[in-house]
Amino acid sequence: MFKKLDFLFFGWIINWMYPEYYRPKYGYQRYYILFFHYLIPQKLFRLNPKVNWPVHFTSKVLSPENITKGILCDPGDNLNNYIQASNGIIFGSNIELGPGVSIISSNHKQDNLREHAKGKPITIGNNVWIGSNTTILPEVNIGNNVIIGANSVVTKDIPANTIAVGNPCKVIKEKGTYKEDFSKIIFNKKTPKKLDAFLNTTS
Numbered sequence: 202m203f204k205k206l207d208f209l210f211f212g213w214i215i216n217w218m219y220p221e222y223y224r225p226k227y228g229y230q231r232y233y234i235l236f237f238h239y240l241i242p243q244k245l246f247r248l249n250p251k252v253n254w255p256v257h258f259t260s261k262v263l264s265p266e267n268i269t270k271g272i273l274c275d276p277g278d279n280l281n282n283y284i285q286a287s288n289g290i291i292f293g294s295n296i297e298l299g300p301g302v303s304i305i306s307s308n309h310k311q312d313n314l315r316e317h318a319k320g321k322p323i324t325i326g327n328n329v330w331i332g333s334n335t336t337i338l339p340e341v342n343i344g345n346n347v348i349i350g351a352n353s354v355v356t357k358d359i360p361a362n363t364i365a366v367g368n369p370c371k372v373i374k375e376k377g378t379y380k381e382d383f384s385k386i387i388f389n390k391k392t393p394k395k396l397d398a399f400l401n402t403t404s
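Next comes the structure, spelled out in structure tokens:
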């Protein structure tokens with residue numbers, strides 16, 4: 202009963218104010234918590250106001266217009282995340298970032314520290330977990346079904362279906378198939394048609 206009242210009073214506000222927020226309708230995050238801990242700091246106190254998904258007030262998302270993402274993915278929603286998308290970041294679906302994760306798409310130029318160096322966007326595939334205090338550096342590609350261990354520094358591409366850790370981050374073993382059945386999830390709102398294929402697969 203409480204879950205339905207929570208959605209009735211706060212869910213519609215969250216869905217309206219966060220057009221790129223796609224999560225299970227019930228059982229993920231209480232809507233009143235999203236309202237008071239995320240929406241109020243973002244929209245009223247202007248902390249990450251241009252981001253179209255929930256960002257924790259301790260986190261920072263720069264150049265959100267250069268970010269594309271799927272569902273079950275809200276970069277910056279955990280504690281002390283730093284997401285810098287000057288050169289672009291492409292997130293897949295079902296991505297979770299631990300506390301303290303930094304994703305940095307562009308370095309400063311060596312001969313002019315007030316300008317960013319141009320480069321390719323970072324890409325992160327589907328079904329990826331990035332452990333706490335990990336740093337992902339520019340132009341890195343992380344494949345589907347990957348776990349990055351805590352405190353890693355990702356300087357080079359990480360292939361799909363692997364577990365990688367360390368500084369610099371290296372693959373330590375292969376990872377089995379991801380088995381969650383997304384087709385059974387009832388979402389907070391209708392998901393984009395282009396993601397139907399993702400929702401109907403577990404790999």
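To get this note's numbering, take the position in the sequence shown, counting from 1, and add 201.
Glycine residues also receive a C-beta, built at the ideal position from the N, C-alpha and C atoms.
With 16 other Cβ atoms within 10 Å as the buried cut-off, status of residue i
i    : result
Y229 : exposed
S384 : exposed
S404 : Since pLDDT at S404 reaches only 48, below the 50 mark, its modelled position is unreliable, and the value read off the structure follows with that caveat. S404 is exposed by the Cβ-count criterion.
D397 : exposed
I241 : exposed
Q311 : exposed
D358 : exposed
F246 : exposed
F399 : buried
N327 : buried
T335 : buried
Same chain only: Cβ atoms within 6 Å of residue i, ignoring 5 sequence neighbours per side
i    : result
F211 : Y232, Y233, F236
K321 : E340
Where residue i falls: helix, strand or coil (DSSP)
i    : result
Y229 : coil
F246 : coil
F237 : helix
K204 : helix
P393 : coil
S307 : coil
F388 : strand
E375 : strand
F292 : strand
N279 : coil
Where the beta strand (DSSP E) through residue i begins and ends
i    : result
L298 : 296-298
F406 : Since the first residue of the chain shown is 202 and the last is 404, residue 406 is not available in this structure.
S353 : Taken as a continuous stretch (DSSP letters only), S353 belongs to no beta strand (DSSP E), as it is neither H nor E.
Q285 : 283-285
A318 : First-last for A318: undefined, no H or E at that position.
W416 : Nothing about residue 416 can be reported from this structure: the residues present for the chain run from 202 to 404 only.
A365 : 363-366
T335 : Careful: T335 lies outside any beta strand (DSSP E) and carries neither H nor E.
V262 : 261-263
I325 : 323-325
Extent of the continuous alpha helix (DSSP H) run through residue i
i    : result
L400 : 397-400
Contact set for residue i: own chain, Cβ-Cβ below 7 Å, skip 5 residues either direction
i    : result
P393 : none
P300 : N279, L280, N281, S333
L386 : It is worth fixing the name first, because residue 386 is Ile in this sequence and not Leu. Closer than 7 Å at Cβ, skipping near neighbours: P225.
Cut-off 8 Å between Cβ atoms - residues of its own chain near residue i, not counting five sequence neighbours on either side
i    : result
Q243 : N249, P250, V252, P255, V256, F258
N216 : Y222, N389, K390
**Message:** For the pair the region 287-295 and the region 247-257, tell me if three or more CB-CB distances fall below 8 Å.
**Reply:** no
**Request:** Decide yes or no for the touch test of the region 208-224 against the region 268-276: beta carbon pairs closer than 8 Å, at least 3 of them.
**Result:** By the Cβ rule, the region 208-224 counts as touching the region 268-276, because three or more pairs are nearer than 8 Å.
**Message:** Does the contact criterion of 3 or more C-beta pairs under 8 Å hold for the region 294-313 versus the region 335-350?
**Reply:** yes
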